[in-house]
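The numbering of the sequence shown is our numbering, which starts it at 80 and goes up by one.
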Amino acid sequence: MSGEDEEDPRVRPPKDWAGGLPAVGHAMQIAHQQMGAARSVRTLLLVNQKNGFDCPGCAWPEGEHRSPAEFCENGAKAVAEEATTRRVGPEFFAAHPVRDLATRTDYWLGQQGRLTEPMHKPPGSDHYVPIGWARAFEIVARELRALGSPDEAVFYTSGRTSNEAAFAYQLLVRRLGTNNLPDCSNMCHESSGSALTETLGIGKGTVSLDDLHRAELIFVVGQNPGTNHPRMLTALERAKRGGARIIAVNPLPEAGLLRFKNPQRPSGLGRGTTLADRFLQIRLNGDMALFQALSLLLLDTADRRFVDEHTYGFEAWEKHLRDLDWEKVLAATGLSREELEETARDVRAAGSVVVCWAMGLTQHRNSVATIREVVNFLLLRGNVGRPGAGVCPVRGHSNVQGDRTMGIYEKPSAAFLDALGGEFGFEPPRRHGLDTVDAIRAMRDGSVKVFFGMGGNFVRATPDSDVTEAALRRTRLTVQVSTKLNRSHAVCGEEALILPVLGRTERDEAGYVTVEDSMGLVHASRGRLRPASPHLLSEAAVVCRLARELFGDDPHVPWAEFERDHGAIRDRIARVVPGFEDFNARAPGGFALPNAPRDERRFPTATGRANFTVNALEVLDVPPGRLLLQTVRSHDQYNTTIYGLDDRYRGVKAGRRVVFVHPDDLAERELADGDLVDLVSEWPDGERTAPGFRVIAYPTARGCCAAYFPETNVLVPLDSVAETSNTPTSKSVVIRLVRASPRSPAGG
Numbered sequence: 080m081s082g083e084d085e086e087d088p089r090v091r092p093p094k095d096w097a098g099g100l101p102a103v104g105h106a107m108q109i110a111h112q113q114m115g116a117a118r119s120v121r122t123l124l125l126v127n128q129k130n131g132f133d134c135p136g137c138a139w140p141e142g143e144h145r146s147p148a149e150f151c152e153n154g155a156k157a158v159a160e161e162a163t164t165r166r167v168g169p170e171f172f173a174a175h176p177v178r179d180l181a182t183r184t185d186y187w188l189g190q191q192g193r194l195t196e197p198m199h200k201p202p203g204s205d206h207y208v209p210i211g212w213a214r215a216f217e218i219v220a221r222e223l224r225a226l227g228s229p230d231e232a233v234f235y236t237s238g239r240t241s242n243e244a245a246f247a248y249q250l251l252v253r254r255l256g257t258n259n260l261p262d263c264s265n266m267c268h269e270s271s272g273s274a275l276t277e278t279l280g281i282g283k284g285t286v287s288l289d290d291l292h293r294a295e296l297i298f299v300v301g302q303n304p305g306t307n308h309p310r311m312l313t314a315l316e317r318a319k320r321g322g323a324r325i326i327a328v329n330p331l332p333e334a335g336l337l338r339f340k341n342p343q344r345p346s347g348l349g350r351g352t353t354l355a356d357r358f359l360q361i362r363l364n365g366d367m368a369l370f371q372a373l374s375l376l377l378l379d380t381a382d383r384r385f386v387d388e389h390t391y392g393f394e395a396w397e398k399h400l401r402d403l404d405w406e407k408v409l410a411a412t413g414l415s416r417e418e419l420e421e422t423a424r425d426v427r428a429a430g431s432v433v434v435c436w437a438m439g440l441t442q443h444r445n446s447v448a449t450i451r452e453v454v455n456f457l458l459l460r461g462n463v464g465r466p467g468a469g470v471c472p473v474r475g476h477s478n479v480q481g482d483r484t485m486g487i488y489e490k491p492s493a494a495f496l497d498a499l500g501g502e503f504g505f506e507p508p509r510r511h512g513l514d515t516v517d518a519i520r521a522m523r524d525g526s527v528k529v530f531f532g533m534g535g536n537f538v539r540a541t542p543d544s545d546v547t548e549a550a551l552r553r554t555r556l557t558v559q560v561s562t563k564l565n566r567s568h569a570v571c572g573e574e575a576l577i578l579p580v581l582g583r584t585e586r587d588e589a590g591y592v593t594v595e596d597s598m599g600l601v602h603a604s605r606g607r608l609r610p611a612s613p614h615l616l617s618e619a620a621v622v623c624r625l626a627r628e629l630f631g632d633d634p635h636v637p638w639a640e641f642e643r644d645h646g647a648i649r650d651r652i653a654r655v656v657p658g659f660e661d662f663n664a665r666a667p668g669g670f671a672l673p674n675a676p677r678d679e680r681r682f683p684t685a686t687g688r689a690n691f692t693v694n695a696l697e698v699l700d701v702p703p704g705r706l707l708l709q710t711v712r713s714h715d716q717y718n719t720t721i722y723g724l725d726d727r728y729r730g731v732k733a734g735r736r737v738v739f740v741h742p743d744d745l746a747e748r749e750l751a752d753g754d755l756v757d758l759v760s761e762w763p764d765g766e767r768t769a770p771g772f773r774v775i776a777y778p779t780a781r782g783c784c785a786a787y788f789p790e791t792n793v794l795v796p797l798d799s800v801a802e803t804s805n806t807p808t809s810k811s812v813v814i815r816l817v818r819a820s821p822r823s824p825a826g827g
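In structure tokens, the structure reads:
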């Protein structure tokens, strides 16, 4: 598969429904290509089953009663990519020097298959060569010992790491003496965690799957579940059958929120279920204005008993709200006063309300303030801590929430560090570490010399691609713990290692692992397939062997025991992390972690109550002739993994360098559908360019446009971040379209 002819997109009108038989057909097609027929059937029937493995894709929870095919189209693609029969061994690296890999597209790299044995790029070399595990750990330990301070190393984590591996990983890093534990949460839901911890006392959602089924009104804001969390559509369909109304809030009309053809129901063969009763086509960054306006329209319906008994700061917030400038609201949202009043009537008629959101809310400069305003809106009518109501940030990777629970965090609480140090008999470092953006800055500036990545594709998940790549290339050593080839393997330090590990689908001799889903449920995951290579280790084994090389006979941590038995790690988690008591006994059946706002209407905040907050409304100023860009996934994509080159729901086939722009915005710029343009972002430190994008006239909100990441990550300035959370502002990038001459864009 060359994958090098991918930029010849063909465009059709976007669809107004998702799912149905095409979803089944496409999933089976990719599964067959990657795994073959028999392996596909054997593997897919174990996805998300109680005796099977957790899908390596999104973090959407499973219900108590599961269908035999408890997976979605994109989940099947994720499994197929991991369980593929394709292999990347030493002969591949002998044929492809690093400089060649750096020119390849993300799609081409991902299609090559599973990594089979440890590889080493020596200093000054342009080739990876095979290396034994023992020698690989010696190199990592040598470089870590040579540092002037443990803070000169960064230890990144992706969301697919198991609870056991994540706990062992953060323990190793803190035994070393640093809190430099950036993770993918820093780039997605960090804004959610910041806002919810301040207002509700817990950095997670407050709803269960049953709450979603019982809700009377559901807002789905800045989210495309049809592509990013397709199993959520089944939950929304069930809520609709129970009488719920759904309001979709998005600059783009997303097919999955318009109509869903459930492929597991007979109705999925017909018209399916209309999901969104109301579609609010909001302008990018207009969500704070929306929720402030709705709250103002609903002030007379406040649940005064809840407000008085359980909240703090209502009077100051109410006073601020009554001065709301309606001209600013209409300018920010792009909605009419009538649309806002009709939406307020929907809320007024609902006894229970859930607000769901994803990165459409979390990746703006004012994201934390916006999510605080969502909480204000729910607190006003008591829609937190009762059945069918609450906040629902929808996580995008299978165990990203569990990693944070296990201590993967650059700013750990004193309580966590006290428990960790008490259990293992050492003093953990207390100084806050580097998050993802600060880690890039530190590598750029030369103050971080070793980068260790536990999973993921750091280069393509991060902003300001040219700056990020230059930063990584400045380090002495980069280590990538991976299952498959990706661009991060081609962006190396002076010396580099690739350490291949087991996938979620494969047997682990140390036993099952566990994950935490988006709603705080913890459950076991048991891989069944024979490992792709006899040379693979589990992620936990990589951590434990490195620890033994670093610390020798460690008197504080039984690393050898941890490597042999994941249950030994769980025993220690049970004594360190609240909510995991009797972990080994409860894990096989699964259990819900305690959630004080949901379970008790108790809010462990600084005030001891749920906090109303005052947030100044600012309308994002976009200069004349410019557009506001949001980065999005295609349907044949999960995070930085490209499964294919189509975006079926948006009508794009065989191409990814496309930009979706409203027809009137094109006309103002004397551009037409099909024209070739360069995307140029503007920031005080200069311009950034993503060349060679085909324009698609598309019904997005006026003044806004959209294009796929990671191709447009180059446009997101490293210093353009959300206040408080430091999350890159990938959903509000000011750009201009510059007519380009036909040419072939650079690969990758």
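Glycine included, each C-beta is placed from N, C-alpha and C at the ideal position.
Item: Cβ separation of A666 and F641, assumed to be a contact under 8 Å, to the nearest whole Å; Value: About 16 Å; that fails the 8 Å criterion.
Item: Residues that Y235 bridges to, as DSSP identifies them; Value: G532
Item: Cβ neighbour criterion (16 or more within 10 Å) applied to R736; Value: buried
Item: Residues of its chain near T557, where Cβ-Cβ distance is below 7 Å and the 5 sequence neighbours each way are ignored; Value: F530, L551, C571, G572, A575
Item: Beta-carbon proximity list for V793, same chain, < 8 Å, skipping 5 on both sides; Value: D543, S544, D545, R767, T768, A769
Item: Residue from F503, P201, T164 whose Cα sits closest to the Cα of V177; Value: P201
Item: Sequence ranges, alpha helix (DSSP H) only - wholly within the region 315 to 403, length at least 4; Value: 334 to 337, 366 to 376, 383 to 389, 393 to 401
Item: Proximity below 8 Å, CB of K563 to CB of E170; Value: no
Item: Contacts around R705, its chain only, beta-carbon distance under 8 Å, and the 5 residues preceding and following it disregarded; Value: E761, V813, I814, R815
Item: Cβ distance (whole Å) where N303 is taken to contact E333 below 8 Å; Value: 4 Å
Item: At least 3 beta-carbon pairs within less than 8 Å: the region 425 to 432 vs the region 402 to 409; Value: no
Item: Chain-order list of residues whose beta-carbon lies under 7 Å from that of L724 (same chain, five-residue window excluded); Value: E85, Y186, D715, A733, G734, R735
Item: Alpha carbon of A819 to alpha carbon of E749, nearest angstrom; Value: 13 Å
Item: Proximity to R651 [Cα-Cα], best of S431, A776, A244; Value: A244
Item: Boundaries of the alpha helix (DSSP H) in which C623 is found, first to last residue; Value: 618 to 630
Item: Per-residue burial, A635 [other beta carbons within 10 Å of its own, 16 or more giving buried]; Value: The amino acid at residue 635 is misidentified as Ala; the sequence shows His. The residue in question, H635, is exposed, as its Cβ has fewer than 16 Cβ neighbours within 10 Å.
Item: Same chain only: Cβ atoms within 7 Å of T313, ignoring 5 sequence neighbours per side; Value: N341
Item: Euclidean distance between Cα positions of D632 and E222; Value: 20 Å
Item: Endpoints, the beta strand (DSSP E) within which G885 is located; Value: Because residue 885 is not part of the residues shown, which for the chain are 80 to 827, the question remains open.
Item: Alpha-carbon spacing of N690 relative to N478, whole angstroms; Value: 28 Å
Item: Rounded separation between R89 and D743 - CA only; Value: 21 Å
Item: Every unbroken beta strand (DSSP E) within the region 88 to 176, with a cutoff of 3 residues, ordered by chain; Value: none
Item: Assigned secondary structure, I814 (DSSP; H/G/I helix, E/B strand, else coil); Value: strand
Item: Enclosing beta strand (DSSP E) for V740 [first to last residue]; Value: 737 to 740
Item: Alpha-carbon spacing of D757 relative to F772, whole angstroms; Value: 6 Å
Item: For K563: DSSP bridge partner residues; Value: R193
Item: Y207, DSSP secondary structure in three states; Value: coil
Item: Straight-line gap, G392 to H602 (C-alpha atoms, nearest Å); Value: 38 Å
Item: Neighbourhood of G504 by C-beta distance below 6 Å, restricted to the same chain and skipping five residues each side; Value: H635
Item: Bridge partners - F641, DSSP secondary structure assignment; Value: Note: F641 sits in no beta bridge, so no partner.
Item: Separation of E394 from V462, as counted between CA atoms; Value: For clarity, residue 462 is Asn in the given sequence; the question names Val instead. Approximately 18 Å between the Cα atoms of the pair.
Item: Residues near Y777 in its chain [Cβ-Cβ closer than 6 Å; skip 5 each side]; Value: F739
Item: Nearest residue (CA-CA) to E548, options A521, S604, N329, D262; Value: A521
Item: Separation of H206 from T720, as counted between CA atoms; Value: 24 Å
Item: Alpha-carbon spacing of S811 relative to A174, whole angstroms; Value: 41 Å
Item: As assigned by DSSP and simplified to three states, the class of K732; Value: strand
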